[in-house]
């Protein structure tokens with residue numbers, strides 16, 4: 055029968071103890087880092103507001119509509135302060151063609167927007183997601199000295215536990231700076247989609 059070496063047992067015990075202590079510190083620091091990362095994450099509203107349209111304007115009609123749809127999803131699906139709502143409204147109007155902007159003052163637009171959001175909240179409706187036309191489905195053309203684009207966006211509107219698709223048709227026009235701007239949009243009725251309306 056072999057005798058156990060006490061030094062060897064002590065070394066194994068010390069190595070085991072160091073490993074346990076190291077694992078404890080690793081796990082405790084990792085959970086702190088995860089919590090800090092969660093605190094540092096921006097909300098969807100903050101991410102939308104962080105975009106500087108002067109230096110980072112969406113380059114294509116599809117990207118303009120994606121950014122506008124992110125703003126819209128924030129209106130009807132995220133939590134925000136009154137100050138953030140005003141900033142979101144300003145961002146959306148920066149995507150609008152001058153002709154569309156001229157239809158309402160900033161105050162009128164914000165007032166109508168607040169009323170619309172209040173109606174959605176009362177009806178317990180939110181936009182849970184959206185899908186913009188693929189690039190190949192964007193129709194670009196020239197007319198009356200302008201470049202135009204037409205495309206669609208499908209919004210998923212949740213009301214309680216029910217989800218309904220809502221499709222909108224957007225028209226954009228390129229401005230003097232080469233930026234695509236939203237000139238208008240309309241709801242696509244199901245019969246319009248089938249070519250019957």
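Numbering (the working numbering), first residue to last: 55 to 251.
We treat Cβ as the ideally placed atom computed from N, Cα and C, and that holds for glycine.
Note that the structure is a prediction, hence the values are computed from the model and not measured.
**Study point:** The alpha helix (DSSP H) enclosing residue 107, as first and last residue numbers
**Key:** Walking along the chain shown from the start, residue 107 turns up at place 53. No alpha helix (DSSP H) holds residue 107; DSSP gives it neither H nor E.
Exercise for review: Give, in chain order, every unbroken run of the alpha helix (DSSP H) that is at least 4 residues long and sits entirely within the stretch 161-249.
Suggested key: Segments of the alpha helix (DSSP H) lying fully in the stretch 161-249: 244-247.
Point to revise | Exposed unless 16 or more other CB atoms sit within 10 angstroms - verdict on residue 186 | key: Position 132 of the chain shown, counted from the start, is the residue given in the question as residue 186. Classification for residue 186: buried.
Review point. Does the stretch 199-217 come close enough to the stretch 225-234 to have 3 or more Cβ pairs within less than 8 Å?
Key: With three or more CB-CB distances shorter than 8 Å, the stretch 199-217 counts as touching the stretch 225-234.
Practice item. Give a yes or no on whether 7 Å exceeds the smallest Cβ distance from residue 155 to chain B. Key: Here there is only one protein chain, and chain B is not present.
Exercise for review: Kindly identify the DSSP beta-bridge partner or partners of residue 67.
Suggested key: In the chain shown, counting from the first residue as 1, residue 67 sits at position 13. Its beta-bridge partners do not exist; DSSP assigns none.
**Study point:** Same chain, Cβ closer than 8 Å to residue 166, five either side skipped, listed in chain order
**Key:** Start at 1 with the first residue of the chain shown, and residue 166 comes out as number 112. So the list reads 158, once near-sequence residues are dropped.
**Study point:** Member of 60, 116, 111 whose CA lies at the smallest distance from the CA of residue 194
**Key:** Counting from one through the chain shown, the residue named residue 194 turns up at place 140. Measuring from the Cα of residue 194, the nearest candidate turns out to be 116.
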